[in-house]
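Novice:
Numbering (the numbering used here), first residue to last: 38 to 95.
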């Protein structure tokens with residue numbers, strides 16, 4: 038199975054990663070990190086190209 042990896046996320050497609058980034062920035066999907074008292078760390082912008090899934094290399 039191919040996966041797309043970006044920053045702190047793993048997804049099946051560019052759209053999965055884009056949705057995870059949007060959810061992170063809106064604070065709507067991920068819980069808080071216990072023991073961390075600072076503000077949420079903003080996610081980096083997605084690159085200007087479409088993220089591609091990469092197969093596993095053995």
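Note that beta-carbon positions come from the ideal geometry of N, C-alpha and C, so glycine has one too. Keep in mind the model is a prediction, meaning the values are calculated, not measured.
Determine the contact status of residue 46 and residue 54, defining contact as a CB-CB distance below 7 Å.
Specialist: Numbered from its first residue, the chain shown carries residue 46 at position 9. Numbered from its first residue, the chain shown carries residue 54 at position 17. Yes, the Cβ-Cβ distance between residue 46 and residue 54 is below 7 Å.
Novice: Is there a C-beta anywhere in chain D that falls below 7 Å from the one on residue 72?
Specialist: Looking at the structure shown, chain D is missing, and only one protein chain is on hand.
Novice: Measure the Cβ-Cβ separation of residue 92 and residue 39 and say whether it is below 7 Å.
Specialist: Your numbering for residue 92 matches position 55 in the chain shown. Your numbering for residue 39 matches position 2 in the chain shown. Yes, the pair counts as a contact, with Cβ atoms nearer than the cut-off.
Novice: Alpha carbons only, please: which of 43, 56, 73 and 48 is nearest the one belonging to residue 65?
Specialist: Residue numbering aside, residue 65 sits at position 28 when the chain shown is read from its first letter. For the residues 43, 56, 73 and 48, the minimum Cα distance to residue 65 belongs to 56.
Novice: Under three-state DSSP, which class holds residue 61?
Specialist: On the chain shown, position 24 is the one that residue 61 refers to. Residue state, collapsed to three classes: helix.
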